[in-house]
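In mature numbering (1 follows the signal peptide of the UniProt record, and there is no 0), the protein residues as written are -27 to -1, 1 to 128. We put the beta carbon where it would ideally sit given N, CA and C, even for glycine. Remarks on the structure that follows.
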């Protein structure tokens, strides 16, 4: 049975075909939160802090605009004296340096007045939930410091 151009079935099938072409592709999803305004963000963020990066976060205290071309999820941990702050968000192409991949990685920064920050990025849905990357980064930094100090002592 061929579909006739003037039949209802033909019209419905045509609309479904066109609609399937217009449906946006699914993008990256991350946790989006800030522990200053949402204490649950500090450790293991709950599901209500999950967001599709292409949509952004429209509800709650931490509204964020969409990042339609998101490639990475970020976790930023900052220590200022006794205060720890965690910010989780989506990152676009501009947040990945040219020639750099969006692979999982962390780096540490130490600023003035005792400010310490660890920035971790990852490229899978909701990968910025746990602090495993931060712990791995801290362990790597500690081992590097031990190796360097041991090398300085024994030379």
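Inset, instruction - Pick out whichever of 37, 31, 7 has its Cα sitting closest to the Cα of residue 50. - result: Comparing Cα positions, the closest option is 7.
Inset, instruction - Return the Cβ separation of residue 5 and residue 32 in integer angstroms, given the expectation that the two are a contact with Cβ distance under 8 Å. - result: Between residue 32 and residue 5 the Cβ distance is about 11 Å, and since that is not below 8 Å, they are no contact.
Legend entry - Cβ shell of residue 24 (< 6 Å), same chain only, five flanking positions each side left out: 5, 30
Legend entry - For residue 21, the three-state DSSP class (helix, strand or coil): Look at residue 21 here: in three-state DSSP terms it is helix.
Legend entry - residue 87 - DSSP class collapsed to helix/strand/coil: helix
Legend entry - Closest Cα partner of residue 165 within the set 2, 83, 17, 14: Since the first and last residues shown for the chain are -27 and 128, residue 165 lies out of range.
Legend entry - Where the beta strand (DSSP E) through residue 51 begins and ends: 45 to 53
Inset, instruction - Since I believe residue 91 is in contact with residue 98 (beta carbons under 8 Å), could you give me their beta-carbon distance rounded to a whole number of angstroms? - result: Contact doesn't hold; Cβ gap of about 22 Å is too wide.
Inset, instruction - Measure the Cβ-Cβ separation of residue 94 and residue 47 and say whether it is below 9 Å. - result: yes
Legend entry - Burial state of residue 20, where buried means 16 or more other Cβ atoms lie within 10 Å: exposed
Legend entry - Start and end residues, beta strand (DSSP E) containing residue 61: 56 to 64
Legend entry - Alpha-carbon spacing of residue 87 relative to residue 27, whole angstroms: 36 Å
Inset, instruction - Pick out whichever of 36, 96, -1 has its Cα sitting closest to the Cα of residue 217. - result: No information on residue 217 is available, as it lies outside the stretch -27 to 128 that the chain covers here.
Legend entry - Best match in 52, 61, 56 for proximity to residue 83 [C-alpha to C-alpha]: Considering only 52, 61, 56, the residue with the shortest C-alpha distance to residue 83 is 52.
Legend entry - Closest residue to residue -1 among 102, 65, 55, 18 (Cα-Cα distance): 65
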